[in-house]
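Asker: Residue 201 in numbering that gives the first Met the number 0 is what sits at position 202 of the sequence shown, and the numbering runs on without skipping anything.
Here a beta-carbon is modelled for each residue, glycine too, at the ideal position from N, C-alpha and C.
Predicted model, so just to flag it, every value in this text is computed and none were measured.
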Amino acid sequence: MIVSTKALFKHAYGKYAVGAYNINNAEQTMGLFRGNVDSKAPFIIQLSKGARSYTDKRILEAMIRAADEIFPEAIFAVHLDHGDEAACMDCIASGFYSSVMIDASHEPFEQNIAITKRVVTAAHAKNIAVEAELGQLGGVEEDISVNEENAKLTDPKQVEEFVKKSGCDSLACAIGTSHGAYKFTGSQGLHFEVILAIQKLLPGYPLVMHGSSSVPQDEVQRINAAGGQLKGAKGVDEAQITKAAPMGVTKVNIDTDGRLVWCRVHRESFRDDPANFDLRKPGTVFINEYAKYIAHKNKVLGSAGQIDSLRKSLA
Ligand code: G3H
Ligand code: 13P
Ligand code: ZN
C-alpha cells in the first residue's frame, strides 16, 4: 500500500528511522519488497533522475505498482531522490509520488529557499511532501561532484529560517556523510553535535541522512577477491545510524550498499560459474541476497517489526 511520506515520518519520529532505498530494475524491486515484508518494516522507495531515465520512468513506476499487488502487506512511500526543479514538477504532475526531494543545496542560501518554495507550493497543492537540502555532502551525486573541501556541514543557525521560509516538510542535513563507497579515510563519523543542535531548534521535525550506506567490509573483501578493485572503501558505522534515529533522523538513504550486493553476487557468479550465461541465475541470487541485506538494515534502523503498529495508526 502506498502511503504518504508524512504518515511514515509521524509514526517513526524519535523511535526509529525509515529506510529509503533506491531502485533501478526489477531485481532490486523484488528484493526490496521481499526484504521489507520479511522484516515487517515500512519503507520508502527512491527513484533518482538517473534511475528514471535508465530504462524509462514508466517501467519503474509500473514495477512498483505491480510489486504493490504482489506484496499486499507492504506499506511504503514513493519518493523522487535528488530532483531538480523540472524533475520535481514532472513527479508532482504525475500524481504517483508521495514526496519529492528538491536538491538546490549547491545554490546560495536565498536561491535554495526560493527554488524550494516554488516546488513546495506546487507539491502541497497536490498533498505531496517536499524534502529539501541545506549544507553540502561530499562525494558524487548524479552530475554534481563535491570534493572534501567544498563539502559543508549544515549550519544549525540557518535551519529555522530555511524551513520557515521554504515550507519544506523534511530536511536533508550534511552531518558528516557522503555519497558512494568512499566516505571516510580514517575514523571519522557522524557529527552528532550538529544533529542534536538541529533537533533542539526543530523538535519533532524529520531530518534526513543521505549517504548512509555502511559499505560492509565483508562485501568489499568478497568483491575484491572476485576481481574487484574497491580499495579503501568505507561507510557509516551501523551503531552510529542506530544512535541517530532518536535524535530526529527519520529517513536514512541507502543506495551504494545495494550496488555492492549486486557487484559481489555477479562477480562471484562469473568467477565460479564461467559456463553460465543465463542472467536469471545470478539475478535470483541477487534478489535473495538483497532481501537479506534489507531485512538486516531494517533491524539497524529500528524499522523492522513496526508494520503492525503503523497499520493500526493509519486505520
Ligand atoms: O544520491 C544519489 C543516489 O545514490 C542515486 O544515484 O543518481 O546514480 O541513481 P544515481
Ligand atoms: P549512499 O551512496 O551512501 O548509499 O547514499 C545514497 C543516497 O544518499 C541517496 O540519496
Ligand atoms: Zn543522496
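What are the start and end residues of the beta strand (DSSP E) that includes C172?
Answerer: What you label residue 172 is simply residue 173 of the sequence shown in a count that begins at 1. From DSSP, the beta strand (DSSP E) with C172 extends over 169-172.
Asker: Quick one: any contact between the region 274-292 and the region 27-42, if contact means 3 or more CB pairs under 8 angstroms?
Answerer: yes
Asker: Between S312 and the rest of its own chain, which residues show a CB-CB distance below 7 angstroms, the 5 nearest in sequence each way excluded?
Answerer: Translated into positions along the sequence shown, residue 312 becomes position 313. Cβ within range, chain order: H10.
Asker: Would you identify the three-state DSSP class for S308, choosing helix, strand or coil?
Answerer: Residue 308 sits at position 309 when you count from the first residue of the sequence shown. Correct three-state label for S308: helix.
Asker: Assign H105 to one of two classes, buried (16 or more other C-beta atoms within 10 Å of its C-beta) or exposed (fewer than that).
Answerer: Indexing the sequence shown from 1 puts residue 105 at position 106. Classification for H105: exposed.
Asker: For H190 and I69, what's the separation of their Cα atoms in angstroms?
Answerer: The residue labelled residue 190 in the question sits at position 191 within the sequence shown. The residue labelled residue 69 in the question sits at position 70 within the sequence shown. If you take the alpha carbons of H190 and I69, they lie about 40 angstroms apart.
Asker: Out of V119, V118, I127, T153, which one is the CA nearest neighbour of Q135?
Answerer: Stepping through the sequence shown from its first residue, residue 135 is reached at position 136. The option with the nearest alpha carbon to Q135 is T153.
Asker: So what does DSSP say about S52, is it helix, strand or coil?
Answerer: Numbered from its first residue, the sequence shown carries residue 52 at position 53. In this structure, S52 counts as helix in the three-state DSSP scheme.
Asker: Is DSSP giving E141 helix, strand or coil here?
Answerer: On the sequence shown, residue 141 is found 142 positions in, with the first residue counted as 1. At E141 the pLDDT is 49, less than 50, meaning the model places this residue with poor confidence; the figure from the coordinates comes in the next sentence. Coil, per DSSP.
Asker: What does the alpha-carbon distance come out to for the pair A196 and D272?
Answerer: Here residue 196 is taken as the residue at index 197 of the sequence shown, counted from 1. Here residue 272 is taken as the residue at index 273 of the sequence shown, counted from 1. Straight-line Cα distance between these residues: approximately 52 angstroms.
Asker: Return the bridge partner residues of K151 from the DSSP annotation.
Answerer: If you number the sequence shown from 1, residue 151 lands on position 152. In the DSSP output, where bridge partners are listed per residue, K151 has Q135.
Asker: What residues match up with I58 in a beta bridge as DSSP calls it?
Answerer: Locating residue 58 in the sequence shown gives position 59, counting from the first residue. DSSP output for I58 lists no bridge partner at all.
Asker: Taking only the alpha-carbon atoms, compute the straight-line gap between N24 and A85 and give it to the nearest angstrom.
Answerer: Indexing the sequence shown from 1 puts residue 24 at position 25. Indexing the sequence shown from 1 puts residue 85 at position 86. For N24 and A85, the distance between alpha carbons rounds to 23 angstroms.
Asker: Alpha carbons only, please: which of E60, R117, E237, A121 is nearest the one belonging to A92?
Answerer: As a working mapping, residue 92 is identified with position 93 in the sequence shown. Comparing C-alpha distances from A92 to each of E60, R117, E237, A121 shows the shortest one belongs to A121.
Asker: Thinking C-alpha only, which one of Q27, I222, A225, E130 is nearest A66?
Answerer: Walking along the sequence shown from the start, residue 66 turns up at place 67. Nearest option by C-alpha distance: Q27.
Asker: Under 7 angstroms Cβ to Cβ from I101, same chain only, skipping five residues before and after it: list those, please.
Answerer: Your numbering for residue 101 matches position 102 in the sequence shown. For I101, where only same-chain residues beyond five positions count, the Cβ hits under 7 angstroms are G82, E84, C87, I114, T115, V118, V129, A131.
Asker: Could you work out which residue in I112, S212, A244 is closest to C167 when comparing CA atoms only?
Answerer: Translated into positions along the sequence shown, residue 167 becomes position 168. The option with the nearest alpha carbon to C167 is I112.
Asker: For Y289, which three-state DSSP category applies?
Answerer: Counting from one through the sequence shown, the residue named residue 289 turns up at place 290. The answer is helix: DSSP assigns Y289 an H, G or I state.
Asker: Tell me which residues share the same chain as V158 and place their Cβ nearer than 7 angstroms to its Cβ, disregarding the 5 neighbours each side in the sequence.
Answerer: Your numbering for residue 158 matches position 159 in the sequence shown. If we look at V158 and ignore the five residues flanking it on each side, its Cβ neighbours are L133, L170, I197, L200, L201.
Asker: Going by C-alpha distance, which of F95, K242, L46, A124 is nearest L79?
Answerer: Here residue 79 corresponds to residue number 80 of the sequence shown, with the count starting at 1. Residue L46 is the option with its Cα nearest to L79.
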